[in-house]
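Structure first, then comments.
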Amino acid sequence: VQIRVTLTVHDHRLAPEWSVAIKMADKPVCLLSEYLSEFMHLCSCNRSMADLLGDLLQHQQPGPTLTSSLNVLTESRVPTISKVLGQAKGTFVRDKTREGPISDDLLMPLLYFLFPDADENVRSPYPEYLTNFLIKDSKPNQEMFAGMKTAPVDSLVWRLAVVMSHATHTLGGVKAAAHLWFEFCQELRFRWERAIPIPGVVRVFPDSKTCLLNQKLQMLNCCVETKTKRENALLSSSTDDLLTDDSEDDEEEFFDCEAEAEEFMAAGDVPHRRRPKHSLWNKPVGRYKRCENLRLLQTGEYLYIPVTQDPTPKTEDQLEEDERVMLQLGTDAQGMELRTRMMSA
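Per my numbering: the sequence shown = residues 150 to 494.
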């Protein structure tokens, strides 16, 4: 500070210390505050979907056919993203005179933002770390938010929260949020029925460090992956059976085996035939792979790693329920036996 006769000059570059003072407002008027407050009110809403959407949940029966009867149980007049894209099958007919709280022109960009793989021209893909099974978080953030459960940045749950807040504040309040949530659930049902993975979710076992909704979506992806593997295994086994049947039908092509064997014997070149270690009725099963060069002490045979059952993926609420059941069994002999059976099931 330079003090002169007529004025005082303050040079901030020469100040040895700085101090900043702010004035807090009890109810600040800002857009973010309005978004968050309305979203918190939405979380405490107890109104049902039928009360919010009304006649839009009523189904229209085009005819007394089996397909239409099944559609009445599973479909809705509110069009899903799959219906608009023409991917779903069925005789579903929508009453065009009625429209949901969110028009199709506004609804489709929101759904494409949540499920970008359904759009031919992907504009907002999910980051690569969500598909490479890696979540990159800095250490300071992990320590700061250790007691909070959320979802990875720019994941499906993260985008759903942003879109839900926008729909609640801008597109029609609670009814618009109910419409968006209904579309979200319909798309999840469509993907589950057709074994399509859910994008924007890390494909690992449910992570208890994340929120419960993210764990549920991870569980759905685990189920979809298991379902796909099971169907592929059944398809490959049926293909092997067809190949086996074809080989059995072609047995007449090997009628000259005896003649070839006689030629080998005459030439002195006796083919070596390896004797199987196990009979047909006593073949080992359940082997995964050989455990390096380890052998059994008595027989000298190689040691194999057995095929074990994969661990069951469970979300946080399922683990808490199992824990309550285990505690209710007691400590007597019967309770311990039942507890052991449940843990090994």
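Beta carbons are placed, not taken as given, at the ideal position from N, Cα and C, and that holds for glycine.
Contact between L191 and T317 is confirmed by a C-beta separation of about 5 Å, below the 8 Å threshold. Burial check for Q477: the Cβ neighbour count within 10 Å stays below 16, so the residue is exposed. For Y453, the enclosing beta strand (DSSP E) covers residues 451 to 455. Around the CB of Q367, 16 or more other CB atoms lie within 10 Å, so the residue is classed as buried. Here the C-alpha atom of P460 lies approximately 44 Å from the C-alpha atom of G321. In this structure P346 is not in contact with P462, their Cβ atoms being roughly 15 Å apart against a cut-off of 8 Å. Counting along the chain, the unbroken beta strand (DSSP E) around R444 starts and ends at 436 to 444. Counting only the Cα atoms, N370 lies some 9 Å from W341.
Contact annotation, P165 with P265: C-beta distance approximately 54 Å; criterion of less than 8 Å not satisfied. Assigned with DSSP and collapsed to three states, T377 falls in helix.
By a beta-carbon distance limit of 8 Å, L201 contacts A327. Their separation comes to about 4 Å. Secondary-structure assignment with DSSP links T464 through no beta bridge to anything. Secondary structure note for T359: it is in no alpha helix (DSSP H), with a DSSP letter that is neither H nor E. Among the bridge pairs identified by DSSP, T299 is matched with T359. A Cβ-Cβ separation of about 7 Å places V312 in contact with L329 under the 8 Å criterion. In terms of Cα proximity to L361, the closest of G249, Q467, Q483, V169 is Q467. DSSP places P177 outside any alpha helix (DSSP H), giving it a letter other than H or E.
Taking every protein chain shown into account, the CB of P276 has fewer than 16 other CB atoms within 10 angstroms, so this residue is exposed. Under the 10 Å beta carbon count, K324 is surrounded by 16 or more other beta carbons and is classified as buried. Nearest neighbour of V306 by Cα position, chosen from K365, R338, P258, turns out to be K365.
Note on geometry: alpha-carbon atoms of C194 and F188 lie some 10 Å from one another.
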